[in-house]
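What follows is a single structure, written as structure tokens, with notes after it.
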Amino acid sequence: MCSMKKEKISIVVPCYNEEESLPIFYQEITKIAKEMKKVDFEFLFINDGSKDNTLSILKRLSKKDERVRFISFSRNFGKEGGMYAGLENATGDYVAIMDADMQDPPEMIKIMYHDIKEQGYDCVALCSPKHKNYGILRRFLTSCWYKIIGKISSTPQVPGAREFRLMKRKMVNAILSMKEYNRYSKGIFSFVGFNTKWIEYEAPDRVAGKSKYSIIKLFKYAFEGILAFSTTPLVISAIIGIIFCLIAFIAIIVIIIKTLIFGDPVGGWPSLACMIIFVSGVQLFFLGVIGMYMSKLYLEVKKRPIYITSETEKDKEND
Ligand code: UDP
Ligand code: MG
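Just so we're aligned, residue 22 is where the sequence shown starts under my numbering, counting upward by one.
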């Protein structure tokens with residue numbers, strides 16, 4: 022009777038202080054679930070250490086709707102931790118990752134599921150390359166970042182890629198097999214491969230609340246992406262090291278010849294001082310680059326957990 026069994030889609034939603042958006046999101050996603058009669062749904066919310074009423078809303082929803090599950094973290098671990106926990110605990114044949122703020126329109130799930138079923142894709146993902154709803158600075162920095170990562174990483178990144186996607190179970194398992202601590206999911210999705218269809222759309226503004234990413238947090242995230250999926254900065258430091266050695270070598274020969282012809286070996290102290298400062302600056306800079314990779318290595322070796330669960334919908338105390 023296996024063929025009679027309905028397929029299940031798990032919707033994974035990382036939530037950090039989303040008390041305002043959650044009720045709207047739940048209302049909209051359940052509407053879509055109702056329309057998609059041929060599939061079962063599971064809504065897996067990850068409460069990423071929210072300080073507002075997110076957890077109590079999730080508890081309430083899980084009591085009234087048995088499709089709603091939640092995992093509540095012991096503190097804020099970041100969206101990456103939330104997505105990992107969601108993928109690890111989702112039980113569906115297909116898994117979608119969605120933001121709680123309605124920037125990922127729930128009706129897209131229908132199209133995504135259709136394309137996977139009918140067109141044979143393993144994953145249907147959305148990209149919003151124009152980022153119209155972000156400020157000029159964020160838009161400019163984001164487009165620069167995509168250009169840089171495109172050049173220095175062998176893992177291709179689709180400009181404006183969002184985490185919003187519906188994936189087959191085999192892709193989810195591949196993502197879960199990458200157990201790295203410093204997670205950069207957009208890179209991981211691309212690294213695991215599989216036949217992915219990209220749909221371009223204009224991401225709407227978040228429905229309520231504020232973006233959880235400050236410019237500083239975004240910079241950290243961007244560096245995370247480069248460190249996780251490119252070793253080019255290390256190669257650049259090595260190349261610049263070689264160039265400086267060559268320059269020094271030529272300078273030595275020039276100075277020797279000049280001294281032999283004109284005498285005066287002690288001239289040019291100011292330029293020497295400038296050179297020393299410049300070269301030691303370059304050295305410190307690249308020592309820093311190496312240090313960044315080392316720090317990632319250090320955290321990776323420690324094998325700390327990616328997230329820590331405090332409670333779930335199964336816990337007795339929720340009753
Ligand atoms: N989020 C999270 N943990 C965090 C930050 C964000 O789980 O530490 C969630 C957030 O609740 C939302 C999603 O990640 O569902 C995307 O966050 P946001 O909308 O603030 O990011 P933006 O759309 O501005 O990039
Ligand atoms: Mg958002």
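Cβ coordinates follow ideal geometry from the N, Cα and C atoms, glycine included.
Since the model is a prediction, treat every value here as computed from it, not as a measurement.
First through last residue of the alpha helix (DSSP H) which encompasses residue i
i	result
Ala110	Strictly speaking, residue 110 in this sequence is Asn, with Ala absent from that position. Note, Asn110: alpha helix (DSSP H), Lys100 to Asn110.
Thr176	Run containing Thr176: none; DSSP gives neither H nor E here.
Met296	Trp290 to Lys323
Ser211	Ser206 to Val213
Tyr134	Met129 to Gln140
Thr217	First-last for Thr217: Thr217 to Glu221, but that is the beta strand (DSSP E), not the alpha helix (DSSP H).
Val33	Note, Val33: premise wrong, no alpha helix (DSSP H); beta strand (DSSP E) at Glu28 to Cys36.
Ile273	Thr253 to Phe283
Ile53	Ser42 to Glu56
Glu245	Ile236 to Phe250
CB-CB length for residue i against residue j, believed under 8 angstroms
i	j	result
Met119	Ile220	The Cβ separation is near 14 angstroms, so there is no contact.
Glu56	Lys29	The Cβ separation is near 16 angstroms, so there is no contact.
Phe46	Ala121	5 angstroms
Glu41	Ala229	4 angstroms
Arg204	Glu49	Rounded, the Cβ-Cβ distance is 28 angstroms, inconsistent with contact.
Leu108	Val213	Not really, about 12 angstroms apart at Cβ, beyond 8 angstroms.
Closer than 7 angstroms: residue i CB and nearest the ligand UDP heavy atom
i	result
Gln124	yes
Tyr37	yes
Asn97	yes
Gly103	yes
Lys241	no
Lys151	no
Cβ-heavy atom distance, residue i to the ligand MG, below 7 angstroms
i	result
Asp143	no
Asp69	no
Ser232	yes
Arg159	no
Arg227	yes
Asp336	no
Asp86	no
Asp120	yes
Residue closest to residue i, alpha-carbon to alpha-carbon, out of the options
i	options	result
Tyr115	Asp122, Lys100 and Cys144	Cys144
Tyr314	Thr333, Pro126 and Phe250	Phe250
Cys36	Tyr155, Tyr234, Leu239 and Gly70	Gly70
Leu187	Lys27, Arg81 and Ile130	Ile130
His152	Phe94, Ala229, Pro180 and Met296	Pro180
Leu76	Phe240, Glu101 and Pro44	Pro44
Ile67	Asp336, Lys335 and Thr330	Thr330
Lys233	Asn38, Val34 and Lys26	Asn38
Pro254	Leu108, Ile173 and Lys80	Ile173
Thr333	Ile78, Asn194, Arg90 and Val60	Arg90
Gly113	Phe161, Asp61, Ile78 and Ile157	Asp61
Ala243	Leu162, His135 and Thr51	Leu162
Gly208	Gly171, Leu239 and Ser301	Gly171
Met104	Ile282, Phe210, Leu239 and Ile273	Phe210
Terminal residues of the beta strand (DSSP E) in which residue i lies
i	result
Leu330	It is Thr, not Leu, that sits at residue 330 in the sequence shown. First-last of the beta strand (DSSP E) with Thr330: Thr330 to Thr333.
Met188	Ala182 to Lys189
Ala117	Tyr115 to Ile118
Alpha-carbon to alpha-carbon, residue j and residue i
i	j	result
Gly312	Val322	15 angstroms
Phe306	Tyr328	33 angstroms
Gly141	Leu267	55 angstroms
Leu82	Ser95	20 angstroms
Ala117	Ile260	42 angstroms
Met22	Lys58	Because Met22 carries a pLDDT of 46, less than 50, the predicted location of this residue cannot be relied on, and the following value inherits that uncertainty. Looking at the two C-alpha atoms, the distance is approximately 19 angstroms.
Ser292	Phe299	10 angstroms
Phe185	Gln304	41 angstroms
Leu197	Pro150	27 angstroms
Ser258	Ile237	25 angstroms
Arg325	Val275	54 angstroms
Asn5	Ile271	Nothing can be reported for residue 5: it is not among the residues displayed for the chain, which extend from 22 to 340.
Lys335	Ile169	45 angstroms
Cys295	Tyr319	35 angstroms
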